[in-house]
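According to the numbering used here, the residues represented by the sequence shown are 47 to 184, in order. Ideal Cβ placement from N, Cα and C applies to all residues, glycine included. Only a predicted model underlies this, so the values are computations on that prediction, with no experimental measurement involved. In what follows, a structure is listed as structure tokens, so that the remarks can point back to it.
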Amino acid sequence: MSAIGMLIEAVRESLCYTGDEDFGDDITSDLGLHALRRANIERQQAWRTKDSPKPWSLPQWGNALAGEVGEACNVVKKIDRGDFNADPERGRQMLADELCDVLTYLDLLANRAGIDLAAATYRKWNAVSERIGSTARL
């Protein structure tokens, strides 16, 4: 296997939950979408300034989300082409940071649209499981 292939496999293995992990009592292991929503609502107040006092519109949040997804994809591209062969943990951390931004902006977009992302995730995820014949349910 090439060095790039080994790096990609190492990153994939380190990022994927297999069901065997023990997250223990680490508070971050079960963040929860409702906790994220509450924190996002609180933190939005700090973003508002005299230059930008109005809440963002749905398209503004959508564009911000698209930008963050693009940044995450750029890190994936760099991992794939071997930019982090010398320091795979750096690439993994950069991807984790960008995916955190994606999740944050996804929740902010859902909030602006009046969508309970946790409830929508349960509903949609379980509907797909049913459609494909899987017994896995949230």
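If you measure between the beta carbons of residue i and residue j, is that distance less than 8 Å?
{"i": "residue 163", "j": "residue 104", "result": "no"}
{"i": "residue 137", "j": "residue 125", "result": "yes"}
{"i": "residue 148", "j": "residue 110", "result": "no"}
{"i": "residue 107", "j": "residue 154", "result": "yes"}
{"i": "residue 115", "j": "residue 141", "result": "no"}
{"i": "residue 175", "j": "residue 169", "result": "no"}
{"i": "residue 86", "j": "residue 150", "result": "yes"}
{"i": "residue 102", "j": "residue 177", "result": "no"}
Over what stretch of residues does the alpha helix (DSSP H) that includes residue i continue unbroken?
{"i": "residue 125", "result": "104-127"}
{"i": "residue 131", "result": "Premise fails: residue 131 is in no alpha helix (DSSP H) and is neither H nor E."}
{"i": "residue 95", "result": "Per DSSP, residue 95 belongs to no alpha helix (DSSP H) and is neither H nor E."}
{"i": "residue 167", "result": "163-178"}
Going by C-alpha distance, which of the options is nearest residue i?
{"i": "residue 82", "options": "127, 139, 152", "result": "152"}
Hey, would you say the C-beta of residue i is under 7 Å away from at least one heavy atom of the ligand HEM?
{"i": "residue 145", "result": "Here there are no bound small molecules, and the ligand HEM is not part of this structure."}
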